[in-house]
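Chemist:
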Amino acid sequence: MSSNAITIPGAQIQARPWVDVLHQWLTTVDHKRLGILYILSALLFLAIGGVEALIIRIQLMHSHNNFVSPEVFNRMFTMHGTTMIFFVAMPILFGFANYLVPLMIGARDMAFPRLNAFSFWMSFLGGVLLYFSFLGGSGLYGAGNAPDVGWWAYAPLGSRAFSPGHSSDYWTLALLVSGFGSIGTAINIIATVLCMRCPGMKLSRMPLLVWLNLVMAGMVLIAITPLSAAQIMLLIDRYLGGHFFDTQAGGSAVLWMHFFWIFGHPEVYVLIIPCFAFMSEIIPVFSRKPIFGYPVMVAATVCIAFVSMSVWAHHMFTIGMNSYANSFFTLTTMAVGVPTGIKIFNWIGTMWGGKIRFKTPMLFSIGFLFQFLIAGLTGIMMAASPFDWQLSLSYFVVAHFHYVIVGGILFALFAAFYYWYPKITGRMLSERLGKWHFWLFLIGFHLTFDVMHIPGLLGMPRRIYTYEPGRGWDTLNLIISIGAFIQAIAILVFLANLVISYFKGARAGNDPWDAWTLEWSTSSPPPAYNFATVPAVASRRPLWDLKHPEDPDSRYE
Amino acid sequence: MPMRRTKSSKLQTVSQMLLVLFWSCTFVWASDPKNSSVNHTNIFAPASTPAKSIADLSVFVLVITGIIFVVVFALLAYSAVKFRERPANSDREPAQVYGSTQIELAWTIIPILIVVVLYLATARVIHAIQDAPEPPGAIEVTAIGHQYWWEFRYPKFGIVTANELHIPVSDPSHPTPTFLQLLSVDTDHSFWVPELGGKTDLIPNHPNRMWMDPQRIGVFLGQCAQYCGMQHAKMLLRVSVDGPEDFAAWVRAQQTLAVEDTGAIAGRRVFESNACMNCHTVAGTAANGRFGPDLTHLMSRATIAAGAAENTHTNLRLWIEDPSAIKPGSLMPAMKLSDADLDAVVSYMETLR
Numbered sequence: 001m002s003s004n005a006i007t008i009p010g011a012q013i014q015a016r017p018w019v020d021v022l023h024q025w026l027t028t029v030d031h032k033r034l035g036i037l038y039i040l041s042a043l044l045f046l047a048i049g050g051v052e053a054l055i056i057r058i059q060l061m062h063s064h065n066n067f068v069s070p071e072v073f074n075r076m077f078t079m080h081g082t083t084m085i086f087f088v089a090m091p092i093l094f095g096f097a098n099y100l101v102p103l104m105i106g107a108r109d110m111a112f113p114r115l116n117a118f119s120f121w122m123s124f125l126g127g128v129l130l131y132f133s134f135l136g137g138s139g140l141y142g143a144g145n146a147p148d149v150g151w152w153a154y155a156p157l158g159s160r161a162f163s164p165g166h167s168s169d170y171w172t173l174a175l176l177v178s179g180f181g182s183i184g185t186a187i188n189i190i191a192t193v194l195c196m197r198c199p200g201m202k203l204s205r206m207p208l209l210v211w212l213n214l215v216m217a218g219m220v221l222i223a224i225t226p227l228s229a230a231q232i233m234l235l236i237d238r239y240l241g242g243h244f245f246d247t248q249a250g251g252s253a254v255l256w257m258h259f260f261w262i263f264g265h266p267e268v269y270v271l272i273i274p275c276f277a278f279m280s281e282i283i284p285v286f287s288r289k290p291i292f293g294y295p296v297m298v299a300a301t302v303c304i305a306f307v308s309m310s311v312w313a314h315h316m317f318t319i320g321m322n323s324y325a326n327s328f329f330t331l332t333t334m335a336v337g338v339p340t341g342i343k344i345f346n347w348i349g350t351m352w353g354g355k356i357r358f359k360t361p362m363l364f365s366i367g368f369l370f371q372f373l374i375a376g377l378t379g380i381m382m383a384a385s386p387f388d389w390q391l392s393l394s395y396f397v398v399a400h401f402h403y404v405i406v407g408g409i410l411f412a413l414f415a416a417f418y419y420w421y422p423k424i425t426g427r428m429l430s431e432r433l434g435k436w437h438f439w440l441f442l443i444g445f446h447l448t449f450d451v452m453h454i455p456g457l458l459g460m461p462r463r464i465y466t467y468e469p470g471r472g473w474d475t476l477n478l479i480i481s482i483g484a485f486i487q488a489i490a491i492l493v494f495l496a497n498l499v500i501s502y503f504k505g506a507r508a509g510n511d512p513w514d515a516w517t518l519e520w521s522t523s524s525p526p527p528a529y530n531f532a533t534v535p536a537v538a539s540r541r542p543l544w545d546l547k548h549p550e551d552p553d554s555r556y557e
Numbered sequence: 558m559p560m561r562r563t564k565s566s567k568l569q570t571v572s573q574m575l576l577v578l579f580w581s582c583t584f585v586w587a588s589d590p591k592n593s594s595v596n597h598t599n600i601f602a603p604a605s606t607p608a609k610s611i612a613d614l615s616v617f618v619l620v621i622t623g624i625i626f627v628v629v630f631a632l633l634a635y636s637a638v639k640f641r642e643r644p645a646n647s648d649r650e651p652a653q654v655y656g657s658t659q660i661e662l663a664w665t666i667i668p669i670l671i672v673v674v675l676y677l678a679t680a681r682v683i684h685a686i687q688d689a690p691e692p693p694g695a696i697e698v699t700a701i702g703h704q705y706w707w708e709f710r711y712p713k714f715g716i717v718t719a720n721e722l723h724i725p726v727s728d729p730s731h732p733t734p735t736f737l738q739l740l741s742v743d744t745d746h747s748f749w750v751p752e753l754g755g756k757t758d759l760i761p762n763h764p765n766r767m768w769m770d771p772q773r774i775g776v777f778l779g780q781c782a783q784y785c786g787m788q789h790a791k792m793l794l795r796v797s798v799d800g801p802e803d804f805a806a807w808v809r810a811q812q813t814l815a816v817e818d819t820g821a822i823a824g825r826r827v828f829e830s831n832a833c834m835n836c837h838t839v840a841g842t843a844a845n846g847r848f849g850p851d852l853t854h855l856m857s858r859a860t861i862a863a864g865a866a867e868n869t870h871t872n873l874r875l876w877i878e879d880p881s882a883i884k885p886g887s888l889m890p891a892m893k894l895s896d897a898d899l900d901a902v903v904s905y906m907e908t909l910r
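Going down the list, the protein sequences come from chains Y and L.
Under my numbering, think of the first position of the first sequence as 1, with each following residue one higher.
Under my numbering, think of the first position of the second sequence as 558, with each following residue one higher.
(1) Could you tell me the boundaries of the alpha helix (DSSP H) in which D237/Y lies?
(2) Within this structure, are the beta carbons of W588/Y and G755/L separated by less than 7 Å?
(3) Among the candidates M382/Y, G509/Y, S204/Y, A484/Y, whose CA atom is the shortest distance from the CA of R427/Y?
(4) Considering just the uninterrupted stretch of the alpha helix (DSSP H) at D745/L, what are its terminal residues?
(5) Using DSSP with H/G/I as helix, E/B as strand and the rest coil, what is T735/L?
(6) Take P422/Y as the anchor and find which of H31/Y, A89/Y, L100/Y, L135/Y has the nearest alpha-carbon.
(7) Which residues, in order along the stretch 657–676 of chain L, keep a beta-carbon less than 8 Å from a beta-carbon of chain Y?
(8) With which residues is G779/L paired in a DSSP beta bridge?
(9) Does the beta-carbon distance from V311/Y to T330/Y come in below 7 Å?
(10) Looking only at its chain, what residues have a beta carbon closer than 8 Å to the beta carbon of G379/Y, apart from the 5 residues adjacent to it on each side?
(11) According to DSSP, is Y655/L part of a helix, a strand, or is it coil?
(12) May I ask you to verify whether the stretch 660–676 of chain L touches the stretch 735–755 of chain L, counting CB pairs closer than 8 Å and requiring at least 3?
(13) Can you check which of these residues, T360/Y, T318/Y, K359/Y, R432/Y, is closest to M382/Y by C-alpha distance?
(14) Is it right to say G800/L is buried, meaning 16 or more other beta carbons lie within 10 angstroms of its own, or is it exposed?
(15) Could you spell out where the beta strand (DSSP E) holding V717/L opens and where it closes?
(16) Using 8 Å for Cβ pairs, my map puts G779/L next to S741/L. What's the rounded Cβ distance?
(17) Select from the stretch 679–691 of chain L all residues with a C-beta closer than 8 Å to any C-beta belonging to chain Y, and list them in chain order.
(18) Counting only beta-carbon atoms, is S323/Y nearer than 7 Å to chain L?
(19) Does D728/L come out as helix, strand or coil in the three-state DSSP assignment?
(20) Please tell me whether P751/L has its Cβ less than 7 Å away from any Cβ of chain Y.
(21) Please say whether M76/Y and I58/Y have beta carbons closer to each other than 7 Å?
(22) Quick check: what's the CA-CA separation for A335/Y versus M834/L?
(23) For chain Y, check one thing: does any of its Cβ atoms lie closer than 7 Å to the Cβ of E650/L?
(24) Distance cutoff 7 Å, beta carbons only. Does Y38/Y sit that close to anything in chain L?
(25) Under 8 Å by Cβ, that's how I've got L363/Y and A277/Y pegged, so tell me the actual separation to the nearest angstrom.
(26) Straight-line CA distance for L34/Y to A47/Y?
(27) Along the alpha helix (DSSP H) that carries L909/L, what are the first and last residues, could you check?
(28) Is it a yes or a no for the stretch 89–108 of chain Y touching the stretch 64–76 of chain Y, going by three-plus beta-carbon pairs under 8 Å?
(29) Helix, strand or coil for A700/L, going by three-state DSSP, please let me know.
(30) Applying the 10 Å Cβ sphere with the 16-neighbour rule, what's the burial state of H314/Y?
(31) Could you please give me the residues that DSSP links to M767/L through a beta bridge?
(32) How many angstroms separate the CA atom of W347/Y from the CA atom of A634/L?
(33) Classify Y569/Y as buried or exposed, calling it buried when 16 or more other Cβ atoms lie within 10 Å of its own Cβ.
(34) Let's test the definition: count the other Cβ atoms within 10 Å of the Cβ of F848/L and tell me whether it reaches 16, buried, or not, exposed.
(35) Would a C-beta distance cut-off of 7 Å place Y784/L and R463/Y closer than the cut-off?
(36) Can you find a C-beta in chain Y that's less than 7 Å from the C-beta of I861/L?
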């Protein structure tokens, strides 16, 4: 458990020219630097995707608004969805996994450092390709534009007949290329977790974060491959005269839907499971208790992973499947609520009887629990397929999945930022700005996404660039848009906090939260080699054992 | 700063209580049928059997999920308030509890039972709606999705119309439900009239079916719910539920050929000597295009351009002159007619009753 720094000749030279620094960052294979690169690139795309969301919300503020044309609006929601899922949520979670997994299992790097670098640059290249469509999208047809097929690109909208030019090719290639990056990262995480654990770190002693990222990586392998296959089939259709999805020539639009959602639903869990992982680390530390029901948490996660592979067609309840298929997917979808509920109960069980410290990470964690509970329950509503025949494709479903992605994933990510920023930078984030960030974001979030359920119940479909006056949707949409701007302000506070605290934040020290997992045993930021001597562990909370030699966890496990 | 900590957790509880209140109000407000007027749609104001059984199931699911919400939220709020750090206990760690098999079993089994109940209730409704047999007296309509309008064909009556579906009211003692066959000629669309039923997609090469038996006379609004391209937003739907006599009269009127009006002969000539007739049908004339809406009885419709504008003289003229002024991205081209030709065509259109 020693954190003494060792001296490597040449490594301590401080002032280097910026070209050298840049060169080091661009060629790095260090898991921590790659993690930071993932996170920074995701924050860049978060800002872009956020601006797109604001453009959408300005356009929808009132009926018959002419802020943007229908084409621009359609491009905005396509780019917003694609960006947020593929170039914000996935990379930022991979970034945290990259940074934390080796530290938490007492390893010095990922199993395949070069594959790690390759994966990051592929993901980033995917994002660049997607945005290059603004310049090169139409190819010879015009000055260029972004894809406007929606982030599902339902066939035959993505075929050459309905999507001429190259805009949707950039979408296809972006997903294909970043998909290779995701698969690389998933292989890397699995290999790292299985092969690189420090002495004593049995699978049953791994921190939950590591367990959950292992499950997530397994799901990425299963989920991303059909998406990549579908993209290749789409390219064959578009350029080699194939007819997989070309309905004019007897192809199947429904086939694309199946391919897309066999990816798409596990993808939701690929995104939310790492957030469960954050919660499972942060809630115990701020409740001052070990996680309640560790083995059950692991089992529930594995169970979610399996069941979530058989729920994809609940995205397709309106496509006219027969009543048996609809019943089956209703059952599996409701069933996935059971292990998910178990997780929520276990987090509350962890808080129960604890000594809860309401620091910013814990505030965001409680926000996560509250919102994820509601998101889960609206999910149960839509699992009841007849109810979904009304709710699907309406603003209710938009509100539901933003509840998951913003209220759940983004809140968990903010908690993770406030929790691990001190480890990554050596400085504490400002609690004062953190509280501002939390409350502004909470208010903006609820203003936007609580209200957004109602127009769905009142018949407003998604993906419409405008709507008729007198439908009773105007006021609701205005409130939703106001909430979006409050969220944008909160994000600015957050970004300011990241920058200001980097220079002016209080020194963090090794272990500012009095936590229990291995990453807090090394310096902040950790040295390139992570641990001077490889640690050995005897329980799930090695630092608890160290701090409480009279009553170590190893006695009870 | 123990004081600040206490304050902020209380604030949080209060704000979350407010949110709970907000959510309850939301659902109560949305489920009040009084909020539905002609222009308003609401899934909780059903007017046909499928919509009604969906709304009933929805209320059942809402009640169950509402109870779950109240219980879990109460546990969360209680533990957040009760177990926060206080100055009195800030110097020692709480009891380290690792779990409890009994409690885990309880919160596994109870949710499983809830899922079973919800599933059985849902499966019943799925079967009742999807597997309902078509009675002999049912009205059959083929609805065909186009970018960005609806074609309705009544094979038994030999009628073709667009965007405004007419169906008879269904008396529960002598039901006359309408069975729709859903097709698409281009991209995916979705037929959604919230008060008459859930939505079903129109997918090329994948015929679908849905039915409705409206029990209230009136006009019901809806629109395309599946993103189908640039003008997805203005692919609106009007379903006119008519009394039996009104419906029979409407059918008779629609079955006639286009009115021959010698006063509009100039307009007809413009229509038939331009590309208009390649896309539009006017029954009884040479115009038999099928790419655009059938215009034989255009004036019987309240709107044009799939509901994007009211069917008035000014709108009709503007629409023919420059469709993108009303609906940018519409596949109808601007024909660049001279003012005289334009006026002639509009007056021809106005004879198509």
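For every residue, glycine included, the Cβ atom is placed at its ideal position computed from N, Cα and C.
Modeler: The short version:
(1) 208–239
(2) An answer regarding residue 588/Y cannot be provided, because it is not within the stretch 1 to 557 covered by chain Y.
(3) G509/Y
(4) From DSSP, D745/L is part of no alpha helix (DSSP H); its letter is neither H nor E.
(5) strand
(6) L100/Y
(7) S657, I660, E661, W664, T665, P668, I669, V672, L675, Y676
(8) L794/L
(9) no
(10) T333, G337, H400, V404
(11) coil
(12) no
(13) T318/Y
(14) exposed
(15) 716–719
(16) G779/L to S741/L, Cβ: 16 Å. No contact.
(17) T679, A680, V682, I683, H684, I686, Q687, D688
(18) yes
(19) strand
(20) yes
(21) no
(22) 56 Å
(23) yes
(24) no
(25) With a Cβ gap of about 19 Å, L363/Y and A277/Y do not count as contacting.
(26) 20 Å
(27) First-last for L909/L: undefined, no H or E at that position.
(28) no
(29) strand
(30) buried
(31) L737/L
(32) 13 Å
(33) Residue 569/Y lies beyond the range of chain Y shown here (1 to 557); nothing can be said about it.
(34) exposed
(35) yes
(36) no
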